[in-house]
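Asks: Count along the sequence shown from 1, then add 20; that gives the number in our numbering. One structure, pasted below without further comment.
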Amino acid sequence: LGKGPRKEIHLSANALISGRYKIVTGVNAEDGILPVKVPAGHMNFDGHFVGWGASCVLNSFKHGRDCSTGCLFDIRADPNEDHELTKKMPEKTKELYVRLQELNKDNFHPDRGAVVDWACDIFMGKYGGFYGPFVDI
């Protein structure tokens with residue numbers, strides 16, 4: 021982080037940076053933003069995979085990890101987030117996890133409806149993994 025007064029950045033409902041540490045809690049399976057269903061707390065895209073498109077995405081799911089209770093990283097010493105510190109620093113992990121939950125209390129979470137499989141089929145089949153115009157579906 022820079023030299024300003026800000027010491028933490030609430031990146032999303034699933035991630036917080038505090039000083040040199042970052043905690044991630046995986047994806048919220050109910051967000052419906054991914055083209056496949058994943059377990060709650062799964063940390064997908066957990067690595068550096070060659071390629072693009074569906075093969076890269078599917079490979080990333082195979083190598084993910086469970087971050088439902090938080091995965092901690094030192095982003096100064098390890099900017100690629102390759103070395104998880106959760107087991108080495110359980111107190112810091114818990115501290116940031118509790119802080120993330122506290123910050124999330126004020127998040128806006130509208131009801132986006134139920135996830136429907138046919139929408140994923142269109143997303144992957146008709147538009148090649150990209151979101152379409154959502155017209156005449």
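Virtual Cβ for every residue (Gly too), placed ideally from N, Cα, C.
Is the CB-CB distance between Lys42 and Ala33 below 9 Å?
Replies: Sequence index remark: in the sequence shown, residue 42 carries index 22 (1-based). Sequence index remark: in the sequence shown, residue 33 carries index 13 (1-based). Going by C-beta atoms, Lys42 is not nearer than 9 Å to Ala33.
Asks: For Gly39, which option in Gly46, Thr45, Asp94 and Lys125 has the closest C-alpha, if you only look at C-alpha atoms?
Replies: Here residue 39 corresponds to residue number 19 of the sequence shown, with the count starting at 1. Taking only the C-alpha atoms, the option nearest Gly39 is Asp94.
Asks: Could you tell me the distance, in whole angstroms, from the CA atom of Lys107 to the CA atom of Arg119?
Replies: Here residue 107 refers to the residue found at position 87 of the sequence shown. Here residue 119 refers to the residue found at position 99 of the sequence shown. Taking the straight line joining both Cα atoms gives about 18 Å.
Asks: Within the same chain, show all residues whose beta-carbon is closer than 6 Å to that of Ile37, passing over the 5 residues directly before and after it, in chain order.
Replies: Position 17 of the sequence shown, counted from the start, is the residue given in the question as residue 37. Taken in chain order, the residues that qualify are Ile29.
Asks: If you drop the 5 nearest sequence neighbours on each side, which residues of the same chain put their C-beta closer than 7 Å to that of Thr113?
Replies: Within the sequence shown, the letter at position 93 stands for residue 113. Ile43, Gly90, Leu92 and Thr106, listed in sequence order.
Asks: From the DSSP output, in three-state form, read off Gly52 for me.
Replies: Translated into the one-based positions of the sequence shown, residue 52 becomes position 32. Here Gly52 scores only 49 on pLDDT, less than 50, and its place in the model should not be relied on; the value that follows carries that caveat. Gly52 falls in the coil class under three-state DSSP.
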